[in-house]
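Report on one structure; see the data block that follows.
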Amino acid sequence: KINFIAITGGDKKLYERIKKDFRCNHFLAVNWTDVMDEYMKMSDFVIGKPGGLISSECMSIKRLLVVVGLIPGVEYYNARYMEKNMFGVDATNKRVRKEIIEKTIFSKNFRLHENPTYKENPAKNIVNAILQPK
-5 KINFIAITGG
5 DKKLYERIKK
15 DFRCNHFLAV
25 NWTDVMDEYM
35 KMSDFVIGKP
45 GGLISSECMS
55 IKRLLVVVGL
65 IPGVEYYNAR
75 YMEKNMFGVD
85 ATNKRVRKEI
95 IEKTIFSKNF
105 RLHENPTYKE
115 NPAKNIVNAI
125 LQPK
């Protein structure tokens, strides 16, 4: 079982529709929040567009990003980077989106999602690189 949290970013119509259509014990609808990072930390994975903030936040808190839409350009390249480096999965194709999400969630490795980068301390690596004599 997974817990599902839908955050609609202030879109009241979408919030009401989701709240009406999804009624189950493991579901929470939130219209707007200023503590998005807390909700993301509670999650097993995040579904969204691969903007710069959400992509970097998912990587920093070790959550898989399931990409469901993107704006051509930077978000496209973010999505490719996330998928290539095992930080995310591409579910932008609406015809196979449900299958991709189900496959991801029900994968035996899903809860053990490990990316080699997670074992490193990126902040420490950056500081060490800056402090190294030239």
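Using the working numbering, count along the sequence shown one by one with no gaps and you end on 128. Ideal Cβ positions, reconstructed from N, Cα and C, are used throughout, including at glycine.
Assuming residue i is part of the alpha helix (DSSP H), what are its boundary residues?
i	result
Asp15	6 to 15
Lys92	91 to 100
Start and end of the beta strand (DSSP E) containing residue i?
i	result
Ile1	-2 to 1
Ala23	21 to 24
Val29	Where Val29 is concerned, there is no enclosing beta strand (DSSP E), given that its DSSP letter is neither H nor E.
Gly82	82 to 84
Leaving aside the five residues before and after residue i along the sequence, list all residues of the same chain whose C-beta is less than 7 Å from its C-beta, in chain order.
i	result
Ser141	Residue coverage of the chain in this structure runs from -5 to 128, which leaves residue 141 outside it and unanswerable.
Ile99	Ile(-4)
Tyr135	Not covered by the structure: residue 135. The range shown for the chain is -5 to 128.
Ala85	Val60, Val61, Val62, Arg91, Ile94, Ile95
Ile124	none
I'd like to confirm the pairing. Which residues does DSSP put opposite residue i in its beta bridges?
i	result
Leu58	Phe39
According to DSSP, simplified to helix, strand and coil, what is residue i?
i	result
Ala123	helix
Val68	helix
Cys18	coil
Gly63	coil
Lys128	coil
Gly46	helix
Val88	It should be pointed out that residue 88 corresponds to Lys in this sequence rather than to Val. In the structure shown, Lys88 sits in coil (DSSP, three-state: anything other than H, G, I, E or B).
Below 8 Å CB to CB, which residues in the same chain sit around residue i once its five sequence neighbours on both sides are set aside?
i	result
Thr2	Leu8, Tyr9, Ile12, Ala23, Val24, Asn25, Trp26
Asp31	Glu51, Ile55
Are the Cβ atoms of residue i and residue j separated by less than 7 Å?
i	j	result
Gly63	Lys43	yes
Val61	Cys52	no
Between residue i and the rest of its own chain, which residues show a CB-CB distance below 6 Å, the 5 nearest in sequence each way excluded?
i	result
Arg17	none
Ile(-1)	Leu22, Tyr33
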